[in-house]
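Novice: Could you have a look at this structure, given as structure tokens, before my questions?
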Amino acid sequence: KAQKEVYQTDPFSLNLLKPLIEAGVPHQWSEINMIPVSYRASPVFYVQTSRFIVFDSDPEVITLMAPSREDDLAARVASLHGFAGIDPSDERIKEQLDRNDKGSIFAPYQSFRAREAAARESGDAAGAEIWADAARTTLNGWYEAGLVSREVSASPALQAQVHARGNYARRYDPIRSTVEHDALRRRKVNLAREAANLKIAHPDLCAEYETADLQAVYEQRVVGDLSRAGIQEARLIRNLDMVEFSFGFSRVSATPETTQKDRRMPVRLMGFPPLPSNKRPIYVIEQQNEAIYIQLDAATVAAFLERNGVLDQRPVPPRTIGSRLIETYQDFKVFLKDFSVRDEASRLRSRDVASLTYLLVHSMAHHVMHGIARFSGLDLGSLSEVIFPADLAFVVHRRGMTEDLGNISSMWRDQNGAFLRYLVARRELRCGSGTLCDHRGGACPACIMIPETSCVAGNQLLSRAALVGGRAPLWDTNQTPLRGFFEILHDLHHTGQPHPIG
1335 KAQKEVYQTD PFSLNLLKPL IEAGVPHQWS EINMIPVSYR ASPVFYVQTS
1385 RFIVFDSDPE VITLMAPSRE DDLAARVASL HGFAGIDPSD ERIKEQLDRN
1435 DKGSIFAPYQ SFRAREAAAR ESGDAAGAEI WADAARTTLN GWYEAGLVSR
1485 EVSASPALQA QVHARGNYAR RYDPIRSTVE HDALRRRKVN LAREAANLKI
1535 AHPDLCAEYE TADLQAVYEQ RVVGDLSRAG IQEARLIRNL DMVEFSFGFS
1585 RVSATPETTQ KDRRMPVRLM GFPPLPSNKR PIYVIEQQNE AIYIQLDAAT
1635 VAAFLERNGV LDQRPVPPRT IGSRLIETYQ DFKVFLKDFS VRDEASRLRS
1685 RDVASLTYLL VHSMAHHVMH GIARFSGLDL GSLSEVIFPA DLAFVVHRRG
1735 MTEDLGNISS MWRDQNGAFL RYLVARRELR CGSGTLCDHR GGACPACIMI
1785 PETSCVAGNQ LLSRAALVGG RAPLWDTNQT PLRGFFEILH DLHHTGQPHP
1835 IG
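1335 is the number of the first residue of the sequence shown in this note's numbering; add one for each residue after it.
So this is what it looks like as structure tokens:
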């Protein structure tokens, strides 16, 4: 006797589809019946969440994204990633300084320019050059501080991307993330009172701070260890303002589609139960917690992209890898559907600069999170990440709802040597699942995955192979094995280039 399946009818779906069924429109019963759940199982649901860094003091981050400011956005991105540019007019310089609350420092520059003009009118060429050099030095200082940007001419490819980005998934939009990264550097990373450069000994972050000699030993060791890990910059952000919010949930799957019995099925997004006012709540938590900011070495990342076949020629300075990434970016889509395939027939994408850069930076962020969890006492679920692929950077931050006890800063003070050795130890990137993990994409809960509520990409676009080499990702139509980031660091060392590893 055949076993009979038990179905529990979903009233919402049945009422929605009943008129169509009565009208004779064919439908599959699987579309309107809920999947039975064993009484031994706990109800499973997937909370839909997102998070963002708060930039209260920099509203330009938001207003710059408006459709009416595409030209300004293209100019900002072009200036950040080294597109050719010229000096702005004195009027534009003053406008930019005023926008950054630095209008008072314009007067000396204006005086230099006036004296230069007066010297030229009087035929004093030597004096004019002196005042011109003074003005140039001042202006260059403002460029470096991010207070003034050159007038740039965005490439046609960049202009097209700025125009098309309205249809991109915001979470993975490299243009949005690079503007946010610029704001983060100006408001947090580059300010001594907000962040600490971990290459320099600080009294609260360096156990060897007693003497100048010990401080020098610390700095030499940390610089070498970071170089061996392919890290160009590492800073501790003391208070990172983050907002995390939940707006609904789904069952069965966290994505809009799931496959059941070889059929693709829609997944319903549910809002939270309404309040007495009949409005659906969005639950918000605003936090101020410690974070580590890390930026990878651009030359090593360029070598990684070259040796994996996606970068035929390095951008000529001042152009950056990020400029190439943004110009060639293809939308990842909200749920990374193209990157979640599990069989050859479903492959749609081939590796490119954007996908491999994200794969590398994201995998490195998870590797760092595992290291922080090991040496700080924090649980992996209490950490999260922000990825800035075009800038080769990421932030790992604490997301606890309890008071921040300084776990990350104390971890660095007491365990920085062990933590940095962990990052480059090949055995730490081996998986206990062995070849099973490799065949399933090179990432699993036994190695570099983290709880999905903590991962910005739901544990997609992630692979140990990006760091140590191995099988190509399952989604990649190009199944040539990946050369790992740490492998390439080792090669650069043995060919006489910088970034030693060992």
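Note that beta-carbon positions come from the ideal geometry of N, C-alpha and C, so glycine has one too.
Small disclaimer: the values here were computed from a predicted structure and weren't measured.
#1: Within 10 angstroms of its Cβ, does VAL1732 collect 16 or more other Cβ (buried), or is it exposed?
#2: Which residues mark the beginning and the end of the beta strand (DSSP E) in which HIS1731 is found?
#3: Would SER1384 pass as a contact of ALA1724 if the rule is Cβ separation under 8 Å?
#4: Assuming ARG1681 is part of the alpha helix (DSSP H), what are its boundary residues?
#5: In chain order, which alpha helix (DSSP H) runs of at least 4 residues are fully inside the stretch 1748 to 1828?
#6: Can you tell me the Cα-Cα spacing of TYR1477 and ARG1653, whole angstroms?
#7: How close, in whole Å, do the beta carbons of GLN1566 and GLN1629 come, if the pair is a contact with beta carbons under 8 Å?
#8: Identify, in the order they occur along the chain, each residue of the same chain with its Cβ nearer than 7 Å to the Cβ of VAL1601, setting aside the five sequence neighbours on each side.
#9: Is the CB-CB distance between TYR1543 and SER1580 below 8 Å?
#10: Are the CB atoms of PHE1728 and ALA1699 within a distance shorter than 8 Å?
#11: Am I right that ASN1623 and GLY1734 are in contact with their C-beta atoms under 8 Å? What's the rounded C-beta distance?
#12: How many angstroms separate the CA atom of PRO1834 from the CA atom of PHE1819?
#13: Alpha carbon to alpha carbon, what distance is there between ALA1791 and LEU1670?
#14: Once the 5 residues before and after THR1829 are set aside, which same chain residues still bring their CB inside 6 Å of it?
#15: With a CB to CB cut of under 6 Å and the five nearest residues on each side skipped, what residues in its chain are close to ALA1517?
#16: Beta-carbon within less than 8 Å of SER1376's beta-carbon, same chain only, minus the 5 sequence neighbours each way: which residues are those?
#17: Can you name the start and end residues of the alpha helix (DSSP H) that GLU1478 belongs to?
#18: Where do the ends of the beta strand (DSSP E) carrying PRO1524 lie?
#19: Quick one: Cα of ILE1439 to Cα of LEU1431, how far?
#20: Going residue by residue through the stretch 1497 to 1566, where are the continuous alpha helix (DSSP H) segments of at least 4 residues, counting only ones entirely within it?
#21: Quick one: is THR1691 buried, meaning 16 or more other Cβ sit within 10 Å of its Cβ, or exposed?
#22: Determine contact between the stretch 1764 to 1774 and the stretch 1796 to 1805, defined as no fewer than three beta-carbon pairs at a distance below 8 Å.
#23: What whole-angstrom Cβ distance do GLY1564 and ASP1631 have, given they're in contact under 8 Å?
#24: My output table needs one value for GLY1419: the three-state DSSP class, helix, strand or coil.
#25: For chain C, check one thing: does any of its Cβ atoms lie closer than 8 Å to the Cβ of PHE1579?
#26: How should ALA1479 be labelled, buried or exposed, when 16 other C-beta atoms within 10 angstroms of its C-beta is the threshold for buried?
#27: Among the residues of its own chain, which have a CB less than 6 Å from the CB of PRO1422, if the five just before and after it don't count?
#28: Does the Cβ-Cβ distance between PRO1785 and GLY1715 come in under 8 Å?
#29: Just how far apart, CA to CA, sit SER1788 and ASP1435?
#30: Strictly by DSSP, which residues pair up with GLN1629?
#31: Which value, in whole angstroms, describes the spacing of the CA atoms of LYS1352 and ARG1597?
#32: Secondary structure at GLY1705, three-state DSSP: helix, strand or coil?
#33: Have a look at ALA1453, SER1487 and ALA1451 and flag the residue whose alpha-carbon is nearest the alpha-carbon of ALA1412.
#34: How would you call GLN1594, buried or exposed, if buried means at least 16 neighbouring beta carbons within 10 angstroms?
#35: Go to ILE1655, then tell me how far its alpha helix (DSSP H) extends in each direction, as first and last residue.
Specialist: Answer, in terms of the structure:
#1: Val is not the amino acid found at residue 1732; the sequence shown has Arg there. Around the beta-carbon of ARG1732, 16 or more other beta-carbon atoms lie within 10 Å, marking it buried.
#2: Residues 1727 to 1732.
#3: Inclusion of SER1384 and ALA1724 in the CB contact set at 8 Å is not warranted, their separation being larger than that value.
#4: Element bounds for ARG1681: n/a, residue is neither H nor E.
#5: Segments of the alpha helix (DSSP H) lying fully in the stretch 1748 to 1828: 1769 to 1773, 1799 to 1802 and 1819 to 1828.
#6: Answer to the nearest angstrom: the Cα atoms are 16 Å apart.
#7: Sure, about 5 Å apart at Cβ, within 8 Å.
#8: Contacts found: SER1584, VAL1586, SER1587, THR1589, PRO1590, GLU1591 and THR1592.
#9: No, the pair does not count as a contact, with Cβ atoms beyond the cut-off.
#10: Yes, Cβ-Cβ distance for ALA1699 and PHE1728 is below 8 Å.
#11: At roughly 7 Å, the Cβ-Cβ gap stays under 8 Å, so ASN1623 and GLY1734 are in contact.
#12: Model confidence at PRO1834 stands at a pLDDT of 37, short of 50, so the residue's coordinates are unreliable and nothing is read from them.
#13: Rounded to the nearest angstrom, the gap between the Cα atoms of LEU1670 and ALA1791 is 8 Å.
#14: The beta carbon of THR1829 is closer than 6 Å to none in its chain, skipping five residues each way along the sequence.
#15: Excluding positions up to five away in sequence, the list reads PHE1389, ASP1392 and VAL1395.
#16: Note that SER1376 scores 48 on pLDDT, short of 50, meaning its location in the model is unreliable; the coordinates nonetheless yield the value given after this. Excluding residues within five positions, none has a Cβ falling inside 8 Å.
#17: Looking at the DSSP string, the run of the alpha helix (DSSP H) that includes GLU1478 is 1459 to 1479.
#18: It is worth fixing the name first, because residue 1524 is Asn in this sequence and not Pro. Unbroken run through ASN1524: none, as it is neither H nor E.
#19: When rounded, the distance between both Cα atoms is 8 Å.
#20: With a minimum length of 4 residues, the continuous alpha helix (DSSP H) runs that stay inside the stretch 1497 to 1566 are 1508 to 1518 and 1546 to 1562.
#21: Under this definition THR1691 is a buried residue.
#22: Contact between the stretch 1764 to 1774 and the stretch 1796 to 1805 is present, with at least three C-beta pairs closer than 8 Å.
#23: Between ASP1631 and GLY1564 the Cβ distance is about 5 Å, and since that is below 8 Å, they are a contact.
#24: Of the three classes helix, strand and coil, the one that applies to GLY1419 here is strand, per DSSP.
#25: Of the chains in the structure shown, none is chain C; there is only one protein chain.
#26: In this structure ALA1479 is exposed. Its beta-carbon is surrounded by fewer than 16 other beta-carbon atoms within 10 angstroms.
#27: Correct list, in chain order: GLU1485.
#28: For the pair PRO1785 and GLY1715, the CB atoms are nearer than the 8 Å cut-off.
#29: A straight line joining the alpha-carbon of SER1788 with that of ASP1435 spans about 36 Å.
#30: Per DSSP, the beta bridge partners of GLN1629 are GLU1567 and ALA1727.
#31: Roughly 21 Å between the two C-alpha positions.
#32: Three-state DSSP puts GLY1705 in a helix.
#33: If we check each option's Cα against that of ALA1412, SER1487 comes out closest.
#34: Flag for GLN1594 reads exposed.
#35: If you look at ILE1655, you'll find it in the alpha helix (DSSP H) that goes 1655 to 1662.
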